[in-house]
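J.: Got a structure for you, questions after.
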Amino acid sequence: MKLRIELLSDLCSGSGDVYNSAVDVEVVYDDCGFPFIPARRLKGCLREACLELVEFGAVSRKEYEALFGGEGNQASRFFLENACLENYEAMVCDIRRMKDPILAHPQRVLGLYTYTRTQTAMTPDGVARENSLRTVRVVKKGLVFEANLSFGGRDGYEKEAALLKKTAGMVRHMGIGRTRGLGLVKLTVTEAREEGSGHSREQALVFTGDRYRIDYSVRLLAPVLFKSPQGDQARSQRYIEGSKILGLLAERLGPRAYAEMMRTSVIVSNACPAREVRTPSGRILRRCTPVRASLQKKKDQTFEENRMPVLDLLLVEGTLKDQMTPVGDLFADQEGYVADVETEINYHHRRPSDKAVGRADANADSAFYQLESLRKGQIFAGYILADAPWAEKIYHALSGDRKARMGQGRTAEYGAVQIMVEAVNPVEAKSSDGGSVHDFAVKLNAPAILYNEFGMVSAEPRALRDHVAELTGEPELELRKTFLRFETAGGFNVTWNRRKPVLNLLGRGTVCLFHSKKGVCLERLKNCFLGERVSEGYGECEAGELREQTVVLRRQETASQAAAEQTYDTDIAERLRREQEKLKIEADARKDALALKDKRNREIDAALGKMLLLMRTEDSAQAMKAELEGTEGEAKRRLAVELFVPVEKYVAAGSAAFSEKEVFRIYGRAYLNQLKYQFRPGREERRKQHD
C-alpha cells in the first residue's frame, strides 16, 4: 500500500536547520537535495485527524488504539516510510551517475522543487517590526509525494486499513504556516503493492551436518536508530546488536518456536559494517570488525591517498620518539580496508496536547529533541551459529520476506531494512591438531560479559585470560600486554517490563597478547564467543598471530567517473542543465543592464514602465520591438528602442537549451527588473520629488 500526498499549496516541512544564514526556516531534504516529508510528521498528522474522529464520536477509542497503538506495549499496527517524490529512486541513481559535481550539487537539485519566501511581523499600526524579516523555503505546490505503507502481520488488518483511509481523507494541512496559506494537501491511500517486497534468493539446502554458520547481511533502506545504552538521544550505536537480529527471528518464528530455539546453543553475532566488493564473479561482502586498540598513529596523522600506516604497539618495545594517539573507533576487514559508519542528525518536536497552540513550546508535554541515526544505504554483516535443525528454520525465516523493521521509531521514518542470507556453511568440529602457537593475540569484536573467580561481572583483563585459558586448555597461559576499551551494557526486557542491569564491560577492540610455553591450538578459538548472553551478540572474539609492527589502514578508492556519453533513466539531468542555463542567461541580463547605469534621465521611468507592461503581453522580441517603435513621444520612443537593443541581440544569439521565445522571457524579465531596480529614485531624490 502507498500513502499519496498531493500538494495543493506550497509546503514547508521544517528541518530545524538553516543554510548559510540565507534561509531562516529550511525544509527537509536528503543528501542529494530531493525534498521529502518525514514519516513521523505524516503519522502525527494522521494521529491528530483520527483523534478528531474520536472526539466527534465517529470512531471509538478502541479502534483508534488498534490502529495507532496505546500506552504500554501496544504498538502501532501500521508502518510508514518517508514520503518521497515520484520516481525518486531512479532520480537518485541518475544524480549519483552525473560527472559534474557542481551541476549535481544538492542545492541545485533542491532549487528545482523549492523556492524562498520572505515575511515580517507587523505592529498594530501596520508597520513591519524591526528585525522581524524571515526567509522561509517552501516546496512548490503541485508536486506529488508517495510513502510506502504496510501493516504488521500477514492478514486480519482490513478494519484498520479502512479506518486509515478514512483518517487520511480528514488530513487537510501539514507543516509550518498551515494557518497562513501553506501546507494545503490531499492524502489518499492506494492499494499499490509495496515495491521491493517478495522473496530473497532462497535455495533448497540440505542440512546434513551437525552445526552451521549462516552469514547474513542487513542493508539499510531508511535511517535506522539504535540508541546507546546510556539512553543518549544524540548518539546511536555504530553497529547492529545481535539482540536486534534475535528479535527479528522471534517475530518470524513465533513465541513457541523461539522459546525452544533459545534452549539450544544458538549464537547470533553483531552485524558490523561491511564493504561491498564487486568482482567478475559477482558481489562479495567483506565484514569489517573493530580495529585493535593497540593500533596507534602519529598525532594529527590522516589518510593520504587512501592509505595510513599505523603502529601496533603490541609488538613495539621501548619508547617512541613521536607522540602517538589511538586511531579511534574504526572498523576494518582482514585486508585493512576501513568501512566508515555514516550517521545523521534528525530534528523532531512533540506538540502540546492543546491543539490550539499548533507548535512545540516550553510546556511539560511538549518538547524539541534530536535523534542520531545510521544513514540509509549502508550494509552491515554478521553470522549465526546453530545446530542443523534450527539452522534450517533460521535460514528459511531470514530468506522469506526481504524487508523488515528494527530499532527505535520503526513504525514511522526509521528502521526499514532488507535482510538477506549470504552464505550457509557447515562448522567443522574443533580440533587440537592445528599446530602449536606460543605467542598470539585475542581481540574482542563485541563487548564481553565475563565473570571473575568471585562470580562477579568483571572488566579486568585477568577475567579474559581465565576464559581464554579454559578454552585453549592451557592453565599456565601468560598475559603479556593489554590494550583495553570499556563499554556499558544495559537494555530493557519487554516481557518483564523492567530495565536490564547496567554493566561495565571490556569493549570492542580490546586486545591482549598471550604467551604459552608449551603452545596452544588457535583452531579452538575459531567462531568463539566468551562469557554470557552470546546469543545477543556479546563476547565475539578472534585470535591470531601478530608479525608486523606496521599496519596499513586503507580506504576504498572511489569508483571511476562515468563516461561522458552517460545515459539517464529520468529527465533530472536535463532539468538541471536547463536550470543552469537559465541562471546563466539571468546573470548575463543583469550584467548587460548594469552597463547602462549612465542612461538615467527624465524619460527613463516612463520608458521602463512601457517595456515592463509589454513584457507581460508579448511573447517574442519582434512583436515587442514593433510595439516599442509605435510608442508616442519621440524621446520616450527613442529611449525605449535603445534600451531594448541588448534584448534583441541576446535573443538573436540563441541558446542550446531554450527556444527563442523562452530566451526572450528569461532574459527580458531579468534585464528589465535590473534596470527598474538601478534606475529607481533614491531616498533623497524621492523626498525632493515629494516636496
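Residue numbers for the sequence shown follow this note's numbering, beginning at -3 and rising by one. Don't be surprised by glycine CBs; every beta carbon is placed ideally from N, CA and C.
1) Exposed or buried, F64, counting other C-beta atoms within 10 Å across all chains shown (16 or more means buried)?
2) Starting from I172, follow the alpha helix (DSSP H) in both directions and report where the run begins and ends.
3) On a CA-only basis, which of L129, I581, H169 and V132 is nearest L38? Give me that one, please.
4) Reducing DSSP to helix, strand and coil, say where Q557 ends up.
5) Assign Y212 to one of two classes, buried (16 or more other C-beta atoms within 10 Å of its C-beta) or exposed (fewer than that).
6) Does the beta-carbon distance from A164 to L139 come in below 8 Å?
7) Assuming S265 contacts G243 under a Cβ cut-off of 8 Å, what Cβ separation, rounded to an integer in Å, is found between them?
8) Which first and last residues belong to the beta strand (DSSP E) in which F675 is found?
9) Determine the extent of the beta strand (DSSP E) in which R689 is found, giving its start and end residues.
10) Take E338 as the anchor and find which of E331, P348, R346 and F327 has the nearest alpha-carbon.
11) What did DSSP end up calling K155 once you bin it into helix, strand or coil?
12) Is it the case that the Cβ atoms of L221 and G487 are separated by a distance below 8 Å?
13) Between M304 and the rest of its own chain, which residues show a CB-CB distance below 6 Å, the 5 nearest in sequence each way excluded?
14) So, under 8 Å CB-CB, V312 and Q576 are touching, yes? Tell me the CB distance rounded to an integer number of Å.
15) Is it the case that the stretch 438 to 445 contacts the stretch 530 to 545, given that we only count it when at least three CB pairs across the two stretches are under 8 Å?
16) Could you give the residue range of the alpha helix (DSSP H) that holds G605?
17) Per DSSP, what are the beta-bridge partners of Y111 in this structure?
18) Tell me where the beta strand (DSSP E) around K372 begins and ends.
19) Quick one: which unbroken beta strand (DSSP E) runs of 3-plus residues sit fully inside the stretch 253 to 325? Chain order, please.
20) What does DSSP give as the partner residues of L699 in its beta bridges?
21) Buried or exposed: S9, going by 16 or more other Cβ atoms within 10 Å of its Cβ?
22) Would you tell me roughly how many angstroms separate the C-alpha atoms of L201 and M416, rounded to the nearest one?
23) Using 8 Å as the threshold, is the stretch 256 to 270 in touch with the stretch 373 to 392, meaning 3 or more CB pairs across them?
24) Where does the unbroken beta strand (DSSP E) through R0 begin, and where does it stop?
25) When you compare only the Cα positions, how much space is there between M402 and A459?
26) Could you pull out every unbroken beta strand (DSSP E) segment of at least 3 residues lying fully inside the stretch 27 to 74, listed in chain order?
27) Within the continuous beta strand (DSSP E) that includes T186, where are the two ends?
28) Whole angstroms is fine: what's the gap from A583's alpha carbon to I1's?
29) How many angstroms separate the CA atom of T484 from the CA atom of G540?
30) Leaving aside the five residues before and after K(-2) along the sequence, list all residues of the same chain whose C-beta is less than 7 Å from its C-beta, in chain order.
31) Checking 8 Å against the spacing of the C-beta atoms, do H344 and R36 come in under that value?
32) Can you tell me which of M166, N421, D308 and L106 puts its alpha carbon nearest to the alpha carbon of T478?
33) Alpha carbon to alpha carbon, what distance is there between I33 and E22?
34) Under a Cβ-count criterion, where at least 16 other Cβ atoms within 10 Å of its own Cβ denotes burial, should D296 be classed as buried or exposed?
35) Rounded to whole angstroms, what is the Cα-Cα separation between L639 and L624?
36) Return the Cβ separation of G690 and V167 in integer angstroms, given the expectation that the two are a contact with Cβ distance under 8 Å.
T.: Quick look at the numbers:
1) F64 comes out buried.
2) No alpha helix (DSSP H) contains I172, which DSSP labels as neither H nor E.
3) Comparing Cα positions, the closest option is H169.
4) With a pLDDT of 39 at Q557, under the threshold of 50, the modelled position of that residue is not reliable, and the figure given next carries that caveat. Q557 falls in the coil class under three-state DSSP.
5) With a 10 Å radius around the Cβ and a threshold of 16 neighbouring Cβ atoms, Y212 comes out buried.
6) By the CB criterion at 8 Å, A164 and L139 fall outside the cutoff.
7) A Cβ-Cβ distance of about 15 Å is found for the pair S265 and G243, leaving them out of contact under the 8 Å criterion.
8) Counting along the chain, no beta strand (DSSP E) covers F675; the unbroken alpha helix (DSSP H) around it starts and ends at E656 to F675.
9) One cannot answer for residue 689 here, as it falls past the ends of the chain, which runs -3 to 687.
10) In terms of Cα proximity to E338, the closest of E331, P348, R346 and F327 is F327.
11) Of the three classes helix, strand and coil, the one that applies to K155 here is helix, per DSSP.
12) In this structure, G487 does not lie closer than 8 Å to L221 by Cβ.
13) Closer than 6 Å at Cβ, skipping near neighbours: L549.
14) The beta-carbon distance between V312 and Q576, rounded to whole angstroms, is 55 Å. This is too long to meet the 8 Å contact definition.
15) Taking 8 Å as the limit for Cβ pairs, the verdict is that the stretch 438 to 445 does touch the stretch 530 to 545.
16) Where G605 is concerned, the enclosing alpha helix (DSSP H) stretches over I600 to T613.
17) Under DSSP, Y111 takes part in a beta bridge, and its partners are V134.
18) No beta strand (DSSP E) holds K372; DSSP gives it neither H nor E.
19) The qualifying runs are 268 to 275, 278 to 283, 291 to 294, 303 to 308 and 320 to 322.
20) Since the first and last residues shown for the chain are -3 and 687, residue 699 lies out of range.
21) S9 is classed as buried because its beta carbon has at least 16 other beta carbons within 10 Å across all chains shown.
22) Going from the Cα of L201 to the Cα of M416 covers about 15 Å.
23) Per the Cβ contact rule, the stretch 256 to 270 is in contact with the stretch 373 to 392 (3 or more Cβ pairs under 8 Å).
24) It spans K(-2) to L3 - the beta strand (DSSP E) in which R0 sits, taken as one unbroken run.
25) Approximately 33 Å, taken between the alpha carbons.
26) Taking 3 residues as the shortest admissible run, the stretch 27 to 74 contains no complete beta strand (DSSP E) segment at all.
27) First-last of the beta strand (DSSP E) with T186: V181 to T186.
28) Distance between the alpha carbons of A583 and I1 is about 36 Å.
29) Inter-residue distance for T484 and G540 is about 27 Å (C-alpha atoms, whole angstroms).
30) A distance below 7 Å between beta-carbons, with the five flanking residues on each side excluded, links K(-2) to the following residues of its chain, in chain order: E142, A143, N144, L145, T186 and A188.
31) Yes, they are a contact pair.
32) Comparing Cα-Cα distances from T478 to each of M166, N421, D308 and L106, the minimum goes to D308.
33) Between E22 and I33, the C-alpha separation is close to 13 Å.
34) In this structure D296 is exposed. Its beta-carbon is surrounded by fewer than 16 other beta-carbon atoms within 10 angstroms.
35) C-alpha separation (whole angstroms): 10 Å.
36) Outside the shown range of the chain (-3 to 687) lies residue 690, about which nothing can therefore be said.
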